[in-house]
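Residue numbers (the working numbering): 158 to 369.
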């Protein structure tokens, strides 16, 4: 069922207006009567009498995952519950790299009864290699949001693979140390064989990332 609204009044087929039967929501002017410049709105309902809307909505998180500290062998589930219209697409990253399935890691999603998208990562038995900063990214045609939290696992240090970074001379760059394991006593940065210290346009923050 459909109807057109003009200044909160239902449009009829009088006063030079006609409804288009073969279109989901449309009408035409016969050339006289109603000024075209006024506000018009279209309201549509399905056969189930549930209102349908074309309003586009930014992604919004309804549930996010916190920082966690676990022992090896424990199960872990990272979940993001997100809404938006169109329904957002969700992707996961561990530091700067996409999370991939395998080694006890499973990625999935589903839409619940309220139309919210639940995306999750399940890890059957965590190891220090599973640790690090996980990010949930939700994007639709309107915009994008993200949430990050750290999963720490007791065990020796582990350095995750890091991608090369290309920047323009004079630009600032921040580089995360993609490390896991707990507890971590210290982290050192090197350029070649030289240890980097604060100064000469270099700053490190809690040893976890470096700004140049």
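Cβ coordinates follow ideal geometry from the N, Cα and C atoms, glycine included.
### Query
From which residue to which residue does the beta strand (DSSP E) around residue 253 run?
In the chain shown, residue 253 corresponds to position 96, counting from 1. Run containing residue 253: none; DSSP gives neither H nor E here.
### Message
Please state the DSSP three-state secondary structure of residue 286.
### Response
In the chain shown, residue 286 corresponds to position 129, counting from 1. Residue 286: helix per DSSP, three-state reduction.
### Query
In three-state DSSP terms, what is residue 281?
Numbered from its first residue, the chain shown carries residue 281 at position 124. If DSSP states are grouped into helix, strand and coil, residue 281 belongs with coil.
### Message
Our contact map puts residue 338 next to residue 318 with C-beta atoms below 8 Å; I'd like the distance itself, whole angstroms only.
### Response
Numbered from its first residue, the chain shown carries residue 338 at position 181. Numbered from its first residue, the chain shown carries residue 318 at position 161. With 8 Å as the limit, residue 338 and residue 318 do not qualify as a contact, their Cβ atoms being about 15 Å apart.
#### Entry: Inter-residue Cα distance where the pair is residue 351 and residue 254
Here residue 351 refers to the residue found at position 194 when the chain shown is read from its first residue. Here residue 254 refers to the residue found at position 97 when the chain shown is read from its first residue. Going from the Cα of residue 351 to the Cα of residue 254 covers about 27 Å.
### Task
Inspect the beta-carbon positions of residue 215 and residue 299 and report whether they are closer than 8 Å.
Counting from 1 along the chain shown, the entry for residue 215 is found at position 58. Counting from 1 along the chain shown, the entry for residue 299 is found at position 142. Their beta carbons are under 8 Å apart, which means residue 215 touches residue 299 by this criterion.
### Query
If you check the beta carbons only, do residue 235 and residue 290 fall under 8 Å apart?
Residue numbering aside, residue 235 sits at position 78 when the chain shown is read from its first letter. Residue numbering aside, residue 290 sits at position 133 when the chain shown is read from its first letter. No, these two residues do not count as a Cβ contact at 8 Å.
### Task
Report yes if the C-beta distance between residue 246 and residue 297 is below 8 Å; otherwise report no.
The residue labelled residue 246 in the question sits at position 89 within the chain shown. The residue labelled residue 297 in the question sits at position 140 within the chain shown. One thing to note: residue 246 has its Cβ within 8 Å of the Cβ of residue 297.
### Message
Please list the terminal residues of the continuous beta strand (DSSP E) segment that includes residue 241.
### Response
If you number the chain shown from 1, residue 241 lands on position 84. Its beta strand (DSSP E) spans residues 233-242.
### Opening and closing residue of the beta strand (DSSP E) in which residue 331 lies
Within the chain shown, the letter at position 174 stands for residue 331. It spans 331-333 - the beta strand (DSSP E) in which residue 331 sits, taken as one unbroken run.
### Query
Between which two residues does the beta strand (DSSP E) harbouring residue 211 extend?
Counting from one through the chain shown, the residue named residue 211 turns up at place 54. Premise fails: residue 211 is in no beta strand (DSSP E) and is neither H nor E.
### Message
I'd like to confirm the pairing. Which residues does DSSP put opposite residue 220 in its beta bridges?
### Response
Reading the chain shown from its first residue, position 63 is the one you call residue 220. The partner list for residue 220 (beta bridge, DSSP) reads 238.
### Message
I'd like the list of long-range same chain contacts for residue 265, defined as Cβ closer than 7 Å, with 5 residues on each side in sequence excluded.
### Response
Working through the chain shown from its first residue, we reach residue 265 at position 108. Closer than 7 Å at Cβ, skipping near neighbours: 277.
### Query
Helix, strand or coil: how does DSSP classify residue 320 here?
Taking the first residue of the chain shown as position 1, residue 320 is located at position 163. If DSSP states are grouped into helix, strand and coil, residue 320 belongs with coil.
### Query
Between which two residues does the beta strand (DSSP E) containing residue 227 stretch?
Here the question's residue 227 lines up with position 70 in the chain shown. Per DSSP, residue 227 belongs to the beta strand (DSSP E) from 225-227.
### Query
Apart from the five residues just before and just after residue 212, which ones in its own chain have a Cβ nearer than 6 Å to its Cβ?
Within the chain shown, residue 212 is the residue found at index 55, counting from 1. If we look at residue 212 and ignore the five residues flanking it on each side, it has no Cβ neighbours.
### Task
Quick one: grab the DSSP three-state call for residue 269.
Taking the first residue of the chain shown as position 1, residue 269 is located at position 112. Coil at residue 269, not helix or strand.
### Message
What does the alpha-carbon distance come out to for the pair residue 349 and residue 332?
### Response
Taking the first residue of the chain shown as 1, we reach residue 349 at position 192. Taking the first residue of the chain shown as 1, we reach residue 332 at position 175. Cα to Cα, the separation comes out at about 16 Å.
### Query
Can you give the Cα-Cα distance for residue 251 and residue 347, rounded to whole angstroms?
For the purposes of this step, residue 251 is taken as residue 94 along the chain shown, with counting starting at 1. For the purposes of this step, residue 347 is taken as residue 190 along the chain shown, with counting starting at 1. Answer to the nearest angstrom: the Cα atoms are 22 Å apart.
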